[in-house]
Amino acid sequence: MKRILLTGAAGQIGSELLFELRKIYGNNNVIASDIKPLLAESSEHSGPFEFLNITDRVALFNLCKRHNIDAIISMAAILSAKGEQNPQLAWDINITGLINVFEVAREMKMKQVLVPSSIAVFGPDTPRDCTPQETILNPTTMYGITKVTGELLGDYYVHRYGLDIRGLRYPGIISNKTLPGGGTTDYAIAIFYDAVKYGKYSCFVAENTRLPMMYMPDCLKATIDLLHADFSKLKHHCNFNVGAMSFSVKELATEIRKHIPNFQIEYKPDFRQAIADSWPQSIDDTPARKEWGWKPAYNLETMTEDMINAI
Ligand code: SER
């Protein structure tokens, strides 16, 4: 039986992944942790919670010992936009925190570790359309630098110590339960809230900005599917490209207008435009499809309809 520690459990992905994991492994076998308290938890899936600063290796080790943890899913991270405002903090959480996870997993001989990567590993000199799995990784953000480093570190621990570590490059994740914080792709969520509430949105990237995106149910599915994949069949480990949909802000606004006909949008690009421009427009995820059967369910139309109904 797995005893899982989920870090970043109060975050955008963590808060929804927590419930999925508890459904599969049992409420008491998934220990939620974060530096901040969890949002209101439904009693059906409530379970243990611990405050944890992931940069504190001793606290992480003691927590894992106390709960007999044999797997860590580490979602604690500083995202791209916040990382540019505080690069040192991004390094501390995303790298010092990550190596703490790997070291504790190594010391305790854990069964499995899953760590997220991101499309932010790519940079302006990467091919932007159908970006392949194996390509140039020269990111220009501190977030991207920490994600490339994280992928390499993860693969190092796989090969050097025989640990089972897996990871995937999330695109922008769109969801309606917990808001993201400090990411460049946050506009693709904020647009829905403002469209439903005010009928208008002021967007911080330009209308032709096109990025790869994924709806939360697919993000959860990708994460769980990779977690359950047969390790012996994986040729890649910590860096799987995963694609789902790709659209410009203009195309998203047009789709929203099918539900909210008077929706208005204005464009006021800020520093996040340069970050978006350095990332791919669409992703080739052939290895994920071949090695563990990845297949998304949602596209722009079905995601938009679901988002608007949910909000
Ligand atoms: N959603 C993330 C960000 O915008 C990308 O992984 O920072």
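Note that this note's numbering has the sequence shown beginning at 1, numbered continuously upward. Built from N, CA and C at the ideal position, the CB exists for glycine as well. Keep in mind that this is a model prediction, so the values were computed, not measured.
Range of the contiguous alpha helix (DSSP H) that encloses residue i
i, result
"Glu305", "300-310"
"Pro180", "Neither: Pro180 is in no alpha helix (DSSP H) and is coded neither H nor E."
"Phe19", "12-25"
"Thr254", "249-257"
"Thr286", "286-292"
"Gln273", "272-277"
For residue i, the three-state DSSP class (helix, strand or coil)
i, result
"Ser175", "coil"
"Glu50", "strand"
"Val148", "helix"
"Asp34", "strand"
"Glu84", "helix"
"Phe240", "strand"
"Val115", "coil"
"Glu134", "coil"
"Ser232", "helix"
"Leu79", "coil"
Residue interval of the beta strand (DSSP E) (run including residue i)
i, result
"Cys203", "200-203"
"Pro212", "210-215"
"Arg169", "168-170"
"Ala71", "71-74"
"Glu103", "Segment 97-107 is the alpha helix (DSSP H) holding Glu103; no beta strand (DSSP E) there."
Own chain, CB closer than 8 angstroms to residue i, minus 5 neighbours either side, in chain order
i, result
"Ile191", "Tyr201, Cys203, Val249, Leu252, Ala253, Ile256, Ile265"
"Glu207", "Ser248, Val249, Lys250, Ala253, Ile265, Tyr267"
"Asp218", "Ala244, Pro296, Ala297, Tyr298"
"Gln273", "Phe204, Val205, Ala206, Thr209"
Residue from the options whose Cα sits closest to the Cα of residue i
i, options, result
"Phe19", "Ile224, Ala297, Ala59, Asp92", "Ile224"
"Ser175", "Thr7, Leu21, Thr304, Asn28", "Thr304"
"Glu40", "Asn29, Leu21, Phe51, Ser15", "At residue 40 the sequence reads Ala, which differs from the Glu that was named. The shortest Cα separation from Ala40 among Asn29, Leu21, Phe51, Ser15 belongs to Ser15."
"Val196", "Ser232, Ile145, Lys65, Phe263", "Phe263"
"Ser33", "Gly47, Ile24, Val148, Pro127", "Gly47"
"Arg169", "Thr178, Lys258, Ile283, Ala310", "Ile283"
"Phe49", "Ala10, Ile93, Phe240", "Ala10"
"Ala59", "Ile95, Gly26, Val101", "Val101"
"Gly154", "Ile308, Ile95, Asp129, Ala90", "Ile95"
Residue i CB to nearest heavy atom of the ligand SER below 7 angstroms
i, result
"Ile189", "no"
"Tyr170", "yes"
"Ile119", "yes"
"Tyr143", "yes"
"Leu98", "no"
"Ile173", "yes"
"Leu114", "no"
"Leu153", "no"
"Ser15", "no"
Same chain, Cβ closer than 6 angstroms to residue i, neighbours up to 5 away in sequence not counted
i, result
"Val113", "Ile72, Ala105, Ile165"
"Ile260", "Ala195"
"Lys147", "Ser117, Ser118, Ala120, Val121"
Residues near residue i in its chain [Cβ-Cβ closer than 7 angstroms; skip 5 each side]
i, result
"Asn239", "Ser117, Glu151, Gly167, Arg169"
"Leu220", "Glu16, Leu17, Glu20"
"Asp70", "Lys2, Arg3, Met110, Lys111"
"Ile311", "Asn176, Phe192, Tyr193, Val196"
"Pro127", "Thr135"
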